[in-house]
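So the structure is just underneath, and the comments pick up after that.
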Amino acid sequence: MPATRASLLFASFLACLSAARGDLTYVDASSGAAGNTTLASGSTFTPPLNGTTGADNNWEQRTVFGSGGNVYESGGEVAENAPELRMKLTGLTPGGTYRVRVHFWDASPAWRIRAGFSSAPGSNALYANQAEAAGIGAMGAVAASTLTYTVAPTIFAESDRTMFSADLGTTLANGSGEIAVFLDDLAPVLGPNDRTWFDGLSYEATAPVNAVHYIDATTANTTRWDGATFAPAAEGVTGADNNWEQRALGNGGTAFEANFEAPENAPLLVTTLTGLTPSSPYVLYGYFWTDGGNWRLKASASVNDIQINGTAGNLTDDFLSTKPRTHFAANNNAGGTATVGALASATTFTTTPLLTEGNRTLMQANLGVAISDANGALKIYIDDLAEGSAVPRTWYDGVGYKPAQTLEPALDEDGDGLTNAQEASHGTDPYLVDTDGDSYGDKVEVDAGSDPLNVLSIPPLPGNGLAIAPDGAWTWFNDERAIFHQGSLFTGYVKANGQYGITRYDPVANEVFHMVISTAASQQQDDHNNPSVTQLPDGRLLVIYSKHLGGSQFYQRTSLVPLPSSNADWGPEISVAMPNNHTYSNAYLLTGENNAIYNFSRCINFNPTLTKSFDHGVTWETPQQLIEVGSNNVRPYPRYCSNHTDRIDLIYTDGHPRDVDNSVYHMFYKGGALHKTDGTLVDTLANLPLDHEGGQRGSVIYQFSNAAWGAGQGPDNWIPGARGWTWDVHYGTDGNPVCVFQVQTGTDATWATSRIYYYFARWNGTAWERKFIAQGGRGIYAAESDYGGGMTIDPAHPNVIYISSNAANPFNLADVSNVPLRTNARYELYRGVTNDGGQTFTWEQLTTNSESDNLRPIVPENHGYDRALLWFNGTYTSYTSFDTRVLAVLENDLSVSTSSFGNNTGALIWKSSPGHSYRITGSADLTGFPYEAAMGIKAQGGTTSQTFEFPAPLQNAPKAFFRVETE
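Anchor point for the sequence shown: position 926 equals 928 in my numbering, and the numbering is continuous, going up by one each time.
Right, dumping it as structure tokens:
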């Protein structure tokens, strides 16, 4: 029988007794012949005392720390890989159900432990402090002191160390009343101080639960939908062969992967469950892996979800494109095309499968309820994404099932955030995260006010934004990334597959045109490579782009028309030779210098480099090193802006913040020379490069210092040990430069506790004034702890700035040493306005409760709106791995600029916001506006006009009043 949704099977919920939860009983780990902890094989565990050995790949026993004065440590003094241990809990009720927790210690950096109910050396689920877990691919643990015990550990904190406890789930005691738990250190070892300090276990009896049975997918239970033999290739032996490969990873040492080495479309699979109770309802699940990127799976228990394409052998059959609830993603809804899966670790299994492996995490796709056939069998249909790019991948591992039973109202069966009782109240399916299949979870829709039962009703985009591009990200060291040109917004970005894109957004028609400008020769999967966009005097556009350390050249293309809207509207890609590896592009055309183009990049000696063109990019002059620092490894990081007439400004650092104690400087180009902010000559272009280390440098905006603050000093002066990095620079209303930058404490190794701080600075005519204005939170990921969420200035309104922060309280500036993070360390956007030169700001939060991060905001020049902003939203794993979309806000405050009236007719012109809809209502006395004159008026860009007839009650009335409202 085909699958039937749970809402048809269970019309109501019946209350039942909650599972009895007792307090925890803590059991300290002990070694030796009489101890409860042995090697995984059962052999006696007799570790040496700590400090007596080096890298012996063994545990050491610390006898002066931890609960009971006893802790087993690995990786404390040197890098090592200790053997897997087994600790037994005894004296339990045979066959009883117990929830078990592992207890371990953490200081800094992130200490961690592997644990599970089966032996899996180096591969069991990894656990760490909740605040550090996401960045290292681990499951979160809570402070052990927050739990309730019948028998408690003897100590919860010691010096700078804290005991943490991780929930391993429930399991059954064996016939002897025993439960075995297997423990392991990190392995593969990262280095010294990536420690594991294991202290013991705790447990509590629970009522029996309806646990999920995990079934590993194999070539025995999984076949091809088209009837052909399922013969997955061995890992790494094929490229784009449109077949699955079998990796020796995951549960059972077999995971089926597609779309990894090359774009491909692997065949649709069928995994069959057998031995079930005939004609009975079962809750079904699919399981897939992710490495932190937005990996996907297509899965369904209904044959009706398959598109039968009518070709021989069903080779092209796929899931219906109108069924997004059969499409699952690991981190975000992929621009409205997928339902976000759940962590498999949140599920209770009869036998817990492997949940983490290396940097990968097992994800769960909730497939709802289906009825087994008369033979006690059920089929689950599986497919890859097949969208023609090398990412995202599909790593399919297996399926799961459990009998469908009466649900307890207070629990949340599908993990979507709504209790089962709330699901009943809203009419949603308690077994499906996304009942209507619009890719937005039921709880998300309820909170946003959209209808979780209507596929056409979806929550607004973050910040009520406009969708500019479904796939794109950028670094902040290329500009202009976006410009308004002849009424359209042009935005450049890098796609997840390494192509470079340009999108034209027409605000009048509310229409987008996506173009790819890179070729196979120039593309690279790296966000450093987003193009700069420059308007030429004849109205065409010049885009310049480069690989990241990918050769001694940059690339350029020139549009064939002023408003390119397709790939055919661009001229050929031209490669321009450079003397060294070339990265970044910042091109500025100066009308006061006969339209000369100045392109700033990183090239000679790995330093800022200037290349000029005097014929609109047809030819380029010999490149000049702009600033000289270090020897091909230290490099200043500049940010540029221009008045596009005769001046180019830059703020820059001494080097990369991971390498150098950075200060922040400013200088400007004008009239063939570089000047400090006050106009003092630094040197002419003819004498380049500037000897930065010899003192040829711009004016200091922020001076690095390790010194403690003195009397009257604080973070407005400096933060001790905090290194600067640049974000944006523009001109104030007085023509003087204003800028925003960050400073950072900590390093990549201490990413979990590292913090970023945001600053605003302005030149007051005689000196730089800087102000600490916001907490930036923590860097985006551990390997780039200096990657803040981002800052930008509105060039049209330089008293307005935008920031992205994951700090829980971004504007609590009283403490720079204790800065808590938002839940899930989520980055949200804020708009700040200053009316006193940056001394104070009024802040407005633009995005709230976002499902994924909002990063690297920018404001395009010449936008003409009261509020304008671009950013990317999604999952940003690293600068080479991201699943993000480009969003925008283009808004005007609603105001009528022109009105005219005739004989029972009127015409209004008002400031409008693209993508919005308006109506005109009328009134006879201003006590209300009950009469509809015009409805459903689509915005015509930044200005909208509408003629209308007076509503009947107002025709020939002595007075009539009209207003425009947003629908």
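Idealized CB from N, CA, C, for every residue including glycine.
All values derive from a computational prediction rather than experimental measurement.
Give me the Cα-Cα distance between residue i and residue j, rounded to the nearest whole angstrom.
i      : j      : result
Val104 : Thr156 : 15 Å
Arg660 : Arg965 : 56 Å
Asp648 : Ala598 : 10 Å
Gln366 : Gly716 : 49 Å
Phe166 : Asp186 : 16 Å
Trp291 : Asp307 : 23 Å
Asn814 : Ala379 : 59 Å
Ser76  : Leu692 : 51 Å
Gln488 : Pro916 : 16 Å
Tyr920 : Pro625 : 53 Å
Ser147 : Ala159 : 9 Å
Gly370 : Ala303 : 8 Å
Phe119 : Ser282 : 30 Å
Ala140 : Ser69  : 24 Å
Ala13  : Thr352 : Because Ala13 sits at a pLDDT of 33, beneath the cut-off of 50, its placement in the model cannot be relied upon, and the following sentence gives the value as read from the coordinates. Approximately 28 Å, taken between the alpha carbons.
Phe884 : Glu786 : 14 Å
Ala332 : Asp855 : 14 Å
Are residue i and residue j close, meaning C-beta to C-beta below 8 Å?
i      : j      : result
Arg764 : Val740 : yes
Phe515 : Ser567 : yes
Gly791 : Ile803 : no
Leu270 : Asp385 : yes
Pro509 : Gly944 : yes
Gly443 : Val342 : yes
Asp656 : Val631 : yes
Phe479 : Tyr590 : no
Leu434 : Arg327 : yes
Leu91  : Glu180 : yes
Leu889 : Pro461 : no
Leu356 : Asn223 : no
Gly674 : Thr682 : no
Gly779 : Ile795 : no
Asn974 : Asn607 : The first residue shown for the chain is 3 and the last is 969, placing residue 974 beyond what the model contains.
Arg114 : Thr198 : yes
Tell me, please, whether the CB atom of residue i is closer than 8 Å to any CB atom in chain B?
i      : result
Asp440 : Of the protein chains in the structure, only one exists, and it is not chain B.
Let me know the secondary structure DSSP gives residue i once reduced to three states.
i      : result
Arg362 : strand
Pro472 : coil
Ala236 : strand
Ala941 : coil
Glu410 : coil
Ile181 : strand
Ser972 : In the structure displayed, the chain extends from 3 to 969; residue 972 sits before or after that span and is not available.
Lys445 : helix
Pro4   : Here the model assigns Pro4 a pLDDT of 33, short of 50, so the residue's position is not dependable, and the following value carries that caveat. In the structure shown, Pro4 sits in coil (DSSP, three-state: anything other than H, G, I, E or B).
Gly997 : Lying outside 3 to 969, the shown extent of the chain, residue 997 is not represented and no answer is given.
Ala713 : coil
Ser281 : coil
Kindly indicate which residue of the options has the alpha-carbon position closest to the one of residue i.
i      : options                        : result
Gly402 : Asn864, Tyr287, Val435, Ser897 : Tyr287
Thr274 : Pro574, Lys381, Thr352, Gly252 : Lys381
Asn601 : Asn607, Phe608, Phe616, Gly594 : Phe616
Leu831 : Trp912, Phe743, Gly124, Asn466 : Asn466
Ala260 : Thr279, Arg298, Thr224, Tyr383 : Arg298
Trp107 : Gln132, Val636, Tyr654         : Gln132
Val1   : Asn708, Leu652, Tyr671, His732 : No answer is possible for residue 1: the residues shown for the chain start at 3 and end at 969.
Thr27  : Val183, Ala769, Val102         : Val102
Trp770 : Ala785, Ala122, Gly734         : Gly734
Trp227 : Asn176, Gly277, Ala301         : Ala301
Ala406 : Gln537, Asn851, Pro432         : Pro432
List the endpoints of the continuous alpha helix (DSSP H) containing residue i.
i      : result
His329 : Where His329 is concerned, there is no enclosing alpha helix (DSSP H), although the beta strand (DSSP E) it sits in stretches over 329 to 331.
Asn971 : Residue coverage of the chain in this structure runs from 3 to 969, which leaves residue 971 outside it and unanswerable.
His428 : 422 to 428
Gln132 : 132 to 135
Is residue i near the ligand MG, in the sense that its beta carbon is under 7 Å from a heavy atom of that ligand?
i      : result
Gly429 : Because no ligand of any kind appears in the structure shown, any question about the ligand MG cannot be addressed here.
Considering residue i, what are the terminal residues of the beta strand (DSSP E) in which it resides?
i      : result
Glu786 : Run containing Glu786: none; DSSP gives neither H nor E here.
Glu595 : Run containing Glu595: none; DSSP gives neither H nor E here.
Val835 : 830 to 835
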